[in-house]
Amino acid sequence: MKLLKYPKPLHDGLLSASCICGANLVLVGRNRISVWDCNALQETAQGKRPVKSLSSEFEIELSVSDDLPRYIVEGGGRLVVAGDRTIWRSDVDGWRELGEKTTFSVFKTFSEDECITDLKFDEVNGILFIGVSKINEVWLYSVASWEKVGTISLGVKPVTIIVDPIGELVTLVSQNRLVSIYQYDAQGSTAVHRQLNQHVQTNPLSYNITMSPQGDMLPVVNSIKNTTPSAQMLDRLSDFSVQSSLVGYVGKCKILKFSPRIYEKENKNKPSTRYNMIASAGNDAGNVTVWNTKRTKPLLNAAKLTTTFINDLQWSNDGTGLFAITNDGYLFIFAFQNIEIGKVLDVEEVLKMRKDIPRLEPLPAPVNPPSKANIKVVKDKKIDTSSNNGPAVVKASKAKIAPTVIKSTSVEFNAPSYSVPKDLKRKPKDEMQANKNAAKKQKKDLEPMDFLDTNLLMPNISFSKLRLATPKVRLNFQYNSMHNENLVMDINNGTGNEQKPSSLTVILKDKDKDSTLFQDFIPKFVTLCTAGDSFLSCCTEDGTVHVYSNTGRKLLAPMVMGVPISFLESCGDYLLCVTSMGQLYCWNIAKAKLKFPMNTVYPLLNPMLKYSDDVLTRAENLTMCTVTRNGIPLVTLSNGDGYLFDPDMETWMLVNDSWWAYGSQYWDFTNTSQIATHISVNGDKDDKKNKYWNADAEHLINEVKRDKQSIVNYLESKTNDEMSRKGRIRNLQRFAKTILMKEGFENLEDIVTLSHLENRILVSLKLDETVEFKKLLVVYCIRLAEMGFKNRLNDVLSWLYNDGNYKDEKIAGQNREDLLKQILVACADIRQVQRVTTSFASALEMLDETL
Numbered sequence: 001m002k003l004l005k006y007p008k009p010l011h012d013g014l015l016s017a018s019c020i021c022g023a024n025l026v027l028v029g030r031n032r033i034s035v036w037d038c039n040a041l042q043e044t045a046q047g048k049r050p051v052k053s054l055s056s057e058f059e060i061e062l063s064v065s066d067d068l069p070r071y072i073v074e075g076g077g078r079l080v081v082a083g084d085r086t087i088w089r090s091d092v093d094g095w096r097e098l099g100e101k102t103t104f105s106v107f108k109t110f111s112e113d114e115c116i117t118d119l120k121f122d123e124v125n126g127i128l129f130i131g132v133s134k135i136n137e138v139w140l141y142s143v144a145s146w147e148k149v150g151t152i153s154l155g156v157k158p159v160t161i162i163v164d165p166i167g168e169l170v171t172l173v174s175q176n177r178l179v180s181i182y183q184y185d186a187q188g189s190t191a192v193h194r195q196l197n198q199h200v201q202t203n204p205l206s207y208n209i210t211m212s213p214q215g216d217m218l219p220v221v222n223s224i225k226n227t228t229p230s231a232q233m234l235d236r237l238s239d240f241s242v243q244s245s246l247v248g249y250v251g252k253c254k255i256l257k258f259s260p261r262i263y264e265k266e267n268k269n270k271p272s273t274r275y276n277m278i279a280s281a282g283n284d285a286g287n288v289t290v291w292n293t294k295r296t297k298p299l300l301n302a303a304k305l306t307t308t309f310i311n312d313l314q315w316s317n318d319g320t321g322l323f324a325i326t327n328d329g330y331l332f333i334f335a336f337q338n339i340e341i342g343k344v345l346d347v348e349e350v351l352k353m354r355k356d357i358p359r360l361e362p363l364p365a366p367v368n369p370p371s372k373a374n375i376k377v378v379k380d381k382k383i384d385t386s387s388n389n390g391p392a393v394v395k396a397s398k399a400k401i402a403p404t405v406i407k408s409t410s411v412e413f414n415a416p417s418y419s420v421p422k423d424l425k426r427k428p429k430d431e432m433q434a435n436k437n438a439a440k441k442q443k444k445d446l447e448p449m450d451f452l453d454t455n456l457l458m459p460n461i462s463f464s465k466l467r468l469a470t471p472k473v474r475l476n477f478q479y480n481s482m483h484n485e486n487l488v489m490d491i492n493n494g495t496g497n498e499q500k501p502s503s504l505t506v507i508l509k510d511k512d513k514d515s516t517l518f519q520d521f522i523p524k525f526v527t528l529c530t531a532g533d534s535f536l537s538c539c540t541e542d543g544t545v546h547v548y549s550n551t552g553r554k555l556l557a558p559m560v561m562g563v564p565i566s567f568l569e570s571c572g573d574y575l576l577c578v579t580s581m582g583q584l585y586c587w588n589i590a591k592a593k594l595k596f597p598m599n600t601v602y603p604l605l606n607p608m609l610k611y612s613d614d615v616l617t618r619a620e621n622l623t624m625c626t627v628t629r630n631g632i633p634l635v636t637l638s639n640g641d642g643y644l645f646d647p648d649m650e651t652w653m654l655v656n657d658s659w660w661a662y663g664s665q666y667w668d669f670t671n672t673s674q675i676a677t678h679i680s681v682n683g684d685k686d687d688k689k690n691k692y693w694n695a696d697a698e699h700l701i702n703e704v705k706r707d708k709q710s711i712v713n714y715l716e717s718k719t720n721d722e723m724s725r726k727g728r729i730r731n732l733q734r735f736a737k738t739i740l741m742k743e744g745f746e747n748l749e750d751i752v753t754l755s756h757l758e759n760r761i762l763v764s765l766k767l768d769e770t771v772e773f774k775k776l777l778v779v780y781c782i783r784l785a786e787m788g789f790k791n792r793l794n795d796v797l798s799w800l801y802n803d804g805n806y807k808d809e810k811i812a813g814q815n816r817e818d819l820l821k822q823i824l825v826a827c828a829d830i831r832q833v834q835r836v837t838t839s840f841a842s843a844l845e846m847l848d849e850t851l
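The letter at position 534 of the sequence shown is residue 534 when you use UniProt numbering, and the numbering goes up by one with no holes.
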């Protein structure tokens, strides 16, 4: 490697940003733009050309005042430069041919209290991304028409934009340190694809980060245990789980850029190794570190290049050169040889690897109600709130009748009341006398209070053993409809009375012009909002629910719950309400009636009562309450358990819990909604748990695991999240080594696995997850056959055979005959159950067909 420092400062001692345009390096600083030949820079660094002969190809004068350029990209054949409040673009596409005669005009200006936070360009779709503070949005401009085609509203300041080289995803790092991934298209349609739990390090900086050229790795600057700085490489193909970490590089990393090429190293008697190259730099140390993604240590660490700091890094298009610019105007050239970095593969290899990445389902047109995955985000404008995450809506595709899952909001909540009647007995008399002299104060003691009149005592508040937290009142906030991201509910809370009522305004955003659909005034504080297919709803602090049509017509008279509301969610035609006392209502708004009688979430909490006379005790927290498109409530708890309410049985049913995570061989620990962690409990895929493995079953179960629209998969990811948060996953290895070796527990793993499969099949049937039900049923029968459970397999086949009435009847939209045939074919080669399968095959005349 050869390193050359250009001997004199450029642009009057300030280089702000750079970009690669073909074979040229374009630098911007102060009021000038200079264009350099990359080959000439590298040859000079290698000593093939004298330094004195090295100069820029040409320079362009930029008409600026106090707003100095900080960003530069090439988009649609034009050069785009941006400062804090101004964006310039070249007047013609062929700016390189015009050279120093190129002129610029102002493309966009911003007010004094607004600021440009980042500028990035997507070459695939021709989309220019502009991050704007104050309004906290990311604008999407099409460089074909230079018109605004889309907006991403965050509610917090966007500080970093990371563009996908495939042209499907854009990653946004916000001021609250949240990392959000949005799907977008050339028409400007956007939808939240994933919200990551990785948080950027220290104070919000404008990080300069790129994805891998093949589009499979997303780097996230992070701070992990013991504040050790690291950069985590998230694998796109594994649901953005952590593939590797770059630990020990320069602290406070600001720049992390992939080389645009793939590299290869040949190994003796082994297949060649392919890898990426990454360059990183800090914001104050002046170091440049180069990484090989297949190595745990840096390939190169150039320390103290400058006494200031490095503003930008750029790789040459051929992957053999690296350029660094500093805040004091110096240019550093790194020239690498193949013996140092490996063989540089052709660009065609990068394009080939991009094609291997599965593409996402296209986004729906903005005008029509979406039927693919969409996510609504609550944008909280209040300064003193700590709401970072909006509620996400993962909606089933058209191929399924599967319902939508809605994540609950993470707004700030008020703690429930601990007030009880003063004369209410709290402990048994014997216990009170025994501990009279040594009374131990409770960690959260109850607060006794006097009541003026026992007849006016409200039992639903003062005697309720179930008290949920309620949302705090926000000064103002916005809510986006999941069906139309341009439909926004704007809430401005007044004083909570008639003197200054709260204002509810529904706004339709159309490019640069907003129009008000309707407005309503409510003399109460509004706390929560939600939207269904054809209605909008909000609730007030005192527990009154208002329901409107999309045009503002009241669909129902205000419904009075009597107590504050903790959860208000909707999907399709259904509206779900959970009060602070745990009462659960599910209304069909289209029919204006209850889906099922009012119920409660109290049975799910199962508080541990030390004494029967205790009033309030600790229990698990509700982490999510939501409803499916078919009107089935879903609830998850802080212990990871997930439940659904069966309207037919009128009882809660268990969907998943940590017991199956401990014992089932089909539990996927890498499936998390936050930080994905790869954990192997019993070894690799060749160990004991796979000794019965079947190729058909493996293919089907992998399809089930990869189904991002599956409700059960999402609920199981919540279980993994809670287990990881509480550190319970660490016990898995110990569990596998101890209990499975005890006498009488040799078959525990197989039994728990079958129990897990059976429960998933029943839940999928209840949720109308027809495709998942079919795949799991086949896997279940294969497993029964391999384990030799003839009677149970015969029971399943008889259930499908239905006393010979299998041709006309269906199960979960699936034909019984088709299910029978698929199961019999999958189990045909398993000798242990051939008598069972042969008898059913004969009844279905499958043997005659084969002959």
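Yeah, the Cβ is synthetic: ideal placement off N, Cα and C, and Gly gets one too.
Here DSSP, grouped into helix, strand and coil, assigns TYR6 to coil. For ILE507, no alpha helix (DSSP H) encloses it; the enclosing beta strand (DSSP E) starts and ends at 502 to 510. The beta carbon of TYR141 is closer than 6 Å to those of LEU128, LYS148 in its chain, skipping five residues each way along the sequence. LEU622 and ALA592 do not touch by the CB rule: their CB atoms are close to 27 Å apart, not below 8 Å.
DSSP, reduced to helix, strand and coil, places ILE701 within a helical segment of the structure shown. Contact between GLY131 and ILE116 holds: CB atoms are separated by about 7 Å, below the 8 Å threshold. With fewer than 16 other Cβ atoms inside 10 Å of its own Cβ, THR516 counts as exposed. CA-to-CA, the gap between ASN24 and SER63 works out to about 22 Å. Taking 9 Å as the cut-off, the Cβ atoms of LYS524 and PRO501 count as close. Note that the C-beta distance between VAL563 and SER580 is below 9 Å. A buried status is given to HIS483, since no fewer than 16 other beta-carbon atoms sit within 10 Å of its beta-carbon. Our two residues, THR544 and ARG553, have alpha carbons roughly 17 Å apart in a direct line. LYS705 has its alpha-carbon roughly 10 Å from the corresponding atom of GLU698. Cα atoms of ASP164 and VAL655: separation of roughly 36 Å, rounded to the nearest angstrom. The alpha-carbon of GLU349 is positioned some 39 Å away from that of SER105.
Distance between LYS304 and VAL221, taken at the CA atoms: about 21 Å.
In the structure shown, the three-state DSSP call for LYS297 is coil. Assignment of SER724 by DSSP, reduced to helix, strand and coil, places it in the helix class.
Per DSSP, the unbroken alpha helix (DSSP H) holding ARG792 starts and ends at 790 to 801.
For the 9 Å CB-CB criterion, ARG194 and ASP122 do not form a contact.
Secondary structure remark: continuous alpha helix (DSSP H) runs of at least 4 residues inside the segment 22 to 64, in chain order: 38 to 45.
For LEU748, the enclosing alpha helix (DSSP H) starts and ends at 748 to 766.
Setting aside the 5 residues that flank it on each side, GLN187 is surrounded in the same chain by VAL149, each with a C-beta closer than 7 Å to its C-beta; the list follows chain order. Within the same chain, Cβ atoms closer than 6 Å to the Cβ of LYS257 are found at THR210, ALA279, LEU313, the five residues on either side in sequence being excluded.
The segment 32 to 50 makes contact with the segment 312 to 331: 3 or more CB pairs, one atom from each, lie closer than 8 Å. Inter-segment contact for the segment 797 to 812 and the segment 717 to 725 is absent: fewer than three beta-carbon pairs are separated by less than 8 Å. In summary, PRO362 is exposed, with fewer than 16 beta-carbon neighbours lying within 10 Å of its beta-carbon over all protein chains present. Note on GLN183: 16 or more other CB atoms within 10 angstroms of its CB, so buried under the neighbour-count rule. In the three-state scheme derived from DSSP, where H, G and I count as helix and E and B as strand, ARG835 is classed as helix. Assignment of beta-bridge partners to PHE669 by DSSP yields no partner. Close CB contacts of VAL80 within its chain, under the 6 Å cut and outside five residues either way in sequence, are with VAL73, ARG89 (chain order).
According to the DSSP assignment, ILE127 belongs to no alpha helix (DSSP H) but to the beta strand (DSSP E) extending over 127 to 132. The beta carbon of LEU700 lies closer than 7 Å to those of LYS775, VAL778, VAL779 in the same chain, with the five residues before and after it left out.
For ASP818, the enclosing alpha helix (DSSP H) begins and ends at 816 to 826.
Beta-bridge partners of HIS546 (DSSP): CYS538.
Here DSSP, grouped into helix, strand and coil, assigns VAL771 to helix.
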